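Using the working numbering, you'd call the opening residue of the sequence shown number 18 and step up by one each time. Where a beta carbon is used, it is the ideal one built from N, C-alpha and C, also for glycine. Computed from a predicted model, the values in this text were never measured in an experiment. Have a look at the structure below before the remarks.
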Amino acid sequence: MLDRVYNYLNTATPAELVDKKTNAPITDRRKFSPDAIIRPGDFRLTSYEWGVTYAGMLRASETTGDPKYAAYTVSRLKFLSELGPYFSAYQKANPEAATPMRSMLYPKALDDAGSLCAAMIKTQRANASADLRPMINNFMDFIMTKEFRLADGTLARNRPQPNTLWLDDLYMSVPALAQMGKLTGERRYYDEAVKQVTQFAPRMFNKSKGLYMHGWVQEMTVHPEFHWARANGWALLTKVELLDVLPADHPGRPAVLELLRAHARGLAAQQAGSGFWHQLLDRPDSYLETSATAIYAYAIAHAINQGWLDAKAYGPMALLAWNAVSTKVNAQGQVEGTCVGTGMGFDPAFYYYRPVNLYAAHGYGPVLLAGAETIQLLKQHPYGINDSSVQTLK
């Protein structure tokens, strides 16, 4: 299944600079052409969704031993890092020019920065020849000094309402901060990552349900609390990513670990019998959604493999989730049933009627992560069948 997804993506996401008028490859980088673009494919190499895909490819190589997955990530990120100097002067002189590197050279939102930055740091740590540090530093400067924040330092946006927290932004910031701590050894990055997780939670985590709401607005006293599946996935994935590198002696680690466990309990109570989770987690008449289910499959399996969650309690949940996700990878390696990009809404219809699409890029990275981690889960925690039920044996 991982090979099927890889083969599709390797073909559908070319890493080549071409002239947009002639479609001819641009091989001479000494003279800039304003008509230069990345050869169009099915997905953008510079999107936050592709940051997840790069991470999924790296994890797939780690658990399978097959180097081709990691090579996909290294080749694409090296390609992007080389395009930075090529487009830099032109982009600076023409800030609004829609070059393929604008969002990387001059990020304007956490979506532009955090996910790609985290993947770049992981790649830099694994492959010293990648030389991704200039891009990493640019992204980190944006996250640390330029993104809008509330008065207490919590990362926020001014859309759709002023002073809004988006649960998605945990993933768009914290994994990059945590990885930067690992890369540099500077504890200030760990401190900032923990601060964001622990300052989002009191505002957005419903302790009685064990679920996060999608958005929170500072000036509102009543919130509709829509528990959107993928945003909860970003929050769960964030905690796993942070715990992977957070030092054992960091004073914030127990609080992050407890949040992970509370969130896992809440999600376990909402899993459908098919193995999927619903678009709105606590509304079973909303549709079953692939990308969130894949994120949960990965994050729960990884937490089991790391010893943060009990294998006997959560192993069957993770395996059921992977079995569900595997039914949504078609013969071409495309991922079906993924909700398209989604803003923050204040009514249920907004979430119920968001379409699904094969080209919703959000599904591919999570599927790669989930498949890779399921392989590791089965290595560490074999399962058996007892009276028709799945049981983790150790």
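Element boundaries [alpha helix (DSSP H), containing residue i]
i    : result
A366 : P365 to Y369
D128 : L127 to A143
G388 : Y381 to Q397
G73  : Y65 to T81
V342 : A328 to S343
W251 : A246 to V262
Y207 : R204 to M221
G198 : V191 to T201
T90  : P84 to A110
P151 : R150 to D158
M121 : R119 to L122
C-alpha gap between residue i and residue j, whole angstroms
i    : j    : result
I392 : T80  : 7 Å
P179 : G350 : 41 Å
I317 : P51  : 46 Å
H231 : L260 : 22 Å
R278 : A289 : 19 Å
H240 : R21  : 42 Å
E242 : Y229 : 8 Å
D128 : Q296 : 21 Å
N322 : A147 : 29 Å
T116 : R61  : 12 Å
A341 : H398 : 19 Å
A248 : G58  : 26 Å
A110 : K125 : 17 Å
H267 : L274 : 12 Å
R174 : W233 : 10 Å
G382 : Y65  : 10 Å
A41  : N24  : 24 Å
Q471 : Q141 : With the chain covering 18 to 411 only, the question about residue 471 has no answer from this structure.
E113 : S120 : 10 Å
D186 : V35  : 33 Å
P365 : H244 : 10 Å
Y400 : A309 : 24 Å
K139 : G388 : 19 Å
K396 : K411 : 11 Å
T255 : V69  : 12 Å
Q287 : D302 : 12 Å
T30  : Y89  : 10 Å
R56  : E33  : 6 Å
G250 : T307 : 11 Å
L298 : L336 : 19 Å
K226 : A252 : 15 Å
A272 : Y188 : 18 Å
L194 : L184 : 16 Å
Residue span of the beta strand (DSSP E) that contains residue i, given as start and end
i    : result
S406 : S406 to T409
N40  : Premise fails: N40 is in no beta strand (DSSP E) and is neither H nor E.
N24  : N24 -> not in any beta strand (DSSP E); alpha helix (DSSP H) instead, spanning L19 to A29.
Y400 : Y400 to N403
D36  : L34 to D36
L182 : T181 to W183
V234 : G232 to V234
I55  : A53 to I55
Residue of the options minimising C-alpha distance to residue i
i    : options                   : result
N158 : A106, C134, T28 and G382  : Before going on, a small fix: residue 158 reads as Asp here, not Asn. The candidate whose alpha carbon is nearest that of D158 is C134.
S132 : A106, W67, G292 and A32   : W67
F293 : A272, E275 and K345       : K345
T181 : M221, Q323 and N403       : M221
L385 : Y313, M361, S406 and I402 : Y313
W325 : Y86, G250, V257 and L395  : V257
N155 : M197, E33, A330 and L34   : M197
V407 : F96, Y123, T39 and M334   : M334
L94  : P271, A387, A136 and W339 : A136
A378 : G360, F363, C356 and D364 : C356
V373 : N27, E353, G73 and S64    : E353
L284 : A330, P271 and L263       : A330
K163 : S190, A272 and S303       : S190
R166 : T140, F217 and A87        : F217
L394 : N27, G362 and G332        : G332
A143 : Y123, L200 and A193       : L200
A246 : E236, T215, K224 and H280 : H280
R204 : G170, A145, A265 and A130 : A265
G380 : L75, R300, G358 and E390  : G358
L305 : A338, S92, H319 and L263  : A338
H319 : A77, I54, M18 and K38     : A77
Original post:
At a cut of 8 Å, does the region 368–378 reach the region 39–53 through at least three beta carbon pairs?
Top reply: Because the criterion of three Cβ pairs below 8 Å is not met, the region 368–378 and the region 39–53 do not touch.
Subject >> Length at least 4, wholly inside the region 267–309: the alpha helix (DSSP H) runs in chain order >> reply: Counting only runs that start and end inside the region 267–309, the alpha helix (DSSP H) elements of at least 4 residues fall at 270–285.
Original post:
Per the contact definition of three or more C-beta pairs closer than 8 Å, is the region 147–156 in contact with the region 205–214?
Top reply: no
Original post:
Would you call the region 96–107 and the region 159–176 touching, i.e. three or more CB-CB distances under 8 Å?
Top reply: Note that the region 96–107 does not touch the region 159–176; fewer than 3 beta-carbon pairs, one per stretch, sit closer than 8 Å.
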